[in-house]
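Participant: All residue numbers for the sequence shown refer to our numbering, where the first residue is 59 and numbers rise by one. Heads up, the beta-carbon is just placed ideally off N, CA and C, and yes, glycines get one too. Only a predicted model underlies this, so the values are computations on that prediction, with no experimental measurement involved. Pasting in a structure now, in structure tokens, and then I'll have a few things to ask.
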Amino acid sequence: MDRRHALAHRARATCQLVAERRSIRSESGPLMKTEYSYHVGDEVRTVIVERTGEGFDVTVGDATFEVRVQRPEHGKLDLQVGDRRLRAHVASDGQRRYVALAGQTWELERVQPQGKRRAASSTGPGAGALEASMPGLVLDVLVGEGDAVERGQTLVLLEAMKMELRITAPASGTVAKVHCKAGDVVDRGQVLVEIAGGDT
Numbered sequence: 059m060d061r062r063h064a065l066a067h068r069a070r071a072t073c074q075l076v077a078e079r080r081s082i083r084s085e086s087g088p089l090m091k092t093e094y095s096y097h098v099g100d101e102v103r104t105v106i107v108e109r110t111g112e113g114f115d116v117t118v119g120d121a122t123f124e125v126r127v128q129r130p131e132h133g134k135l136d137l138q139v140g141d142r143r144l145r146a147h148v149a150s151d152g153q154r155r156y157v158a159l160a161g162q163t164w165e166l167e168r169v170q171p172q173g174k175r176r177a178a179s180s181t182g183p184g185a186g187a188l189e190a191s192m193p194g195l196v197l198d199v200l201v202g203e204g205d206a207v208e209r210g211q212t213l214v215l216l217e218a219m220k221m222e223l224r225i226t227a228p229a230s231g232t233v234a235k236v237h238c239k240a241g242d243v244v245d246r247g248q249v250l251v252e253i254a255g256g257d258t
């Protein structure tokens, strides 16, 4: 069980980072060696990606893995990690990446420099409207109007592109308005929940 979990963890980080770097590489030339740090839940994970011939060397912690990747269509990646083949679904929303892999879905958020984090927090939603990052189906609404919520708490479960996305509170506050219910089909940018009195 631990081995499967470890492989899934390495592969999800790999597919997300390689997916992003492939799009950058098409504009900025061949990939050399690049380091990325992402928030995964309450932890920060750092991955080093280096181009090697037809594939990549991906270093996670003290371990390095040989990875090959193909993009059969937008939002999908076929990965070969060692002798294991995996299909991943990847979607982006600003600094966030959503990765569906091995029967699980992860949300990763790019670690930004302190100055950029302050700028983002001053212009970001904080207390206010939380929108759907992409078109999808509302699976469940986990809060009601008047509920107190904490920063990072899951408010709405959304299914999009075969992934289960968690819409979380960007700050502590109170639910002022709920604009959706389970079973609703929502568009990108549609307001799902409003939070009042946020504390970033």
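Could you give the distance in angstroms between the alpha-carbon of Gly133 and the alpha-carbon of Ala187?
Facilitator: Taking the sequence shown and counting its residues from 1, one reaches residue 133 at position 75. Taking the sequence shown and counting its residues from 1, one reaches residue 187 at position 129. Using only the alpha carbons, I get a separation of about 27 Å.
Participant: Please name the residue, chosen from His147, Arg145, Val169 and Val196, that lies closest to Val251 on a Cα-to-Cα basis.
Facilitator: Your numbering for residue 251 matches position 193 in the sequence shown. Nearest option by C-alpha distance: Val196.
Participant: Taking just the CA atoms, how far does Leu213 sit from Asp205?
Facilitator: Reading the sequence shown from its first residue, position 147 is the one you call residue 205. Reading the sequence shown from its first residue, position 155 is the one you call residue 213. The straight-line gap from Cα to Cα measures roughly 10 Å.
Participant: How would you call Ser191, buried or exposed, if buried means at least 16 neighbouring beta carbons within 10 angstroms?
Facilitator: Here residue 191 is taken as the residue at index 133 of the sequence shown, counted from 1. It counts as buried.
Participant: Quick one: using the 10 Å Cβ neighbour count with 16 as the cut-off for buried, is Val105 buried or exposed?
Facilitator: To locate residue 105, count along the sequence shown from 1; it is residue 47. Buried: at least 16 other Cβ atoms inside 10 Å.
Participant: Determine, using beta carbons only, whether Lys239 and Val199 come nearer to each other than 7 Å.
Facilitator: Here residue 239 refers to the residue found at position 181 when the sequence shown is read from its first residue. Here residue 199 refers to the residue found at position 141 when the sequence shown is read from its first residue. Yes.
Participant: Mind checking who Val169 pairs with in its DSSP beta bridge?
Facilitator: For the purposes of this step, residue 169 is taken as the residue at position 111 of the sequence shown. The secondary-structure analysis by DSSP pairs Val169 with nothing; it has no beta-bridge partner.
Participant: When DSSP labels each residue in this structure, what does Leu159 get in the three-state scheme?
Facilitator: Taking the first residue of the sequence shown as 1, we reach residue 159 at position 101. In the structure shown, Leu159 sits in a strand (DSSP, three-state: E or B).
Participant: Assuming Val244 and Pro193 are in contact, meaning their beta carbons sit under 8 Å apart, how far apart are those beta carbons, in whole angstroms?
Facilitator: On the sequence shown, position 186 is the one that residue 244 refers to. On the sequence shown, position 135 is the one that residue 193 refers to. Right, their Cβ atoms sit about 7 Å apart.
Participant: Residue range of the beta strand (DSSP E) that Gly231 falls in?
Facilitator: Taking the sequence shown and counting its residues from 1, the one referred to as residue 231 is at position 173. First-last of the beta strand (DSSP E) with Gly231: Ser230 to Val236.
Participant: Considering just the uninterrupted stretch of the beta strand (DSSP E) at Val201, what are its terminal residues?
Facilitator: By 1-based counting over the sequence shown, the position of residue 201 is 143. Here Val201 belongs to no beta strand (DSSP E), and DSSP marks it neither H nor E.
Participant: Please state whether DSSP places Gly194 in a helix, a strand or coil.
Facilitator: Within the sequence shown, residue 194 is the residue found at index 136, counting from 1. The answer is strand: DSSP assigns Gly194 an E or B state.
Participant: Can you give the Cα-Cα distance for Glu124 and Val139, rounded to whole angstroms?
Facilitator: Counting from 1 along the sequence shown, the entry for residue 124 is found at position 66. Counting from 1 along the sequence shown, the entry for residue 139 is found at position 81. Rounded to whole angstroms, the gap between the alpha carbons of Glu124 and Val139 is 6 Å.
Participant: Answer with buried or exposed for Arg155, where buried requires no fewer than 16 other C-beta atoms within 10 angstroms of its C-beta.
Facilitator: For the purposes of this step, residue 155 is identified with residue 97 of the sequence shown, where counting begins at 1. It is buried - the Cβ of Arg155 has at least 16 other Cβ atoms within 10 Å.
Participant: Taking the straight line between their C-alpha atoms, what separation do you get for Lys220 and Thr232?
Facilitator: Taking the first residue of the sequence shown as 1, we reach residue 220 at position 162. Taking the first residue of the sequence shown as 1, we reach residue 232 at position 174. Lys220 and Thr232: Cα-Cα distance of roughly 30 Å.
Participant: Drop a sphere of 10 angstroms on the beta-carbon of Thr22, count the other beta-carbons inside from all chains shown, and report buried for 16 or more, exposed for fewer.
Facilitator: Since the first and last residues shown for the chain are 59 and 258, residue 22 lies out of range.
Participant: Just the Cα atoms here: how many angstroms apart are Gly119 and Asp141?
Facilitator: Locating residue 119 in the sequence shown gives position 61, where the first residue counts as 1. Locating residue 141 in the sequence shown gives position 83, where the first residue counts as 1. C-alpha separation (whole angstroms): 21 Å.
Participant: I need the DSSP call for Asp115, collapsed to helix, strand or coil.
Facilitator: Residue 115 sits at position 57 when you count from the first residue of the sequence shown. Asp115: strand per DSSP, three-state reduction.
Participant: Report yes if the CB atom of Ala146 is closer than 7 Å to the CB atom of Leu159, and no otherwise.
Facilitator: Mapped onto the sequence shown, residue 146 falls at position 88. Mapped onto the sequence shown, residue 159 falls at position 101. Against a cut-off of 7 Å, the Cβ pair of Leu159 and Ala146 comes out as a contact.
Participant: Less than 8 Å between C-beta atoms, sequence neighbours within five positions excluded: which residues of the same chain meet that for Val207?
Facilitator: Here residue 207 refers to the residue found at position 149 when the sequence shown is read from its first residue. Once the five neighbours on either side are set aside, the close Cβ partners of Val207 are Val201, Leu213, Ala227, Ser230, Gly231, Thr232, Val233 and Ile253.
Participant: Taking only three categories from DSSP, how would you classify Arg224?
Facilitator: As a first step, residue 224 must be located in the sequence shown, where it is residue number 166. The answer is strand: DSSP assigns Arg224 an E or B state.
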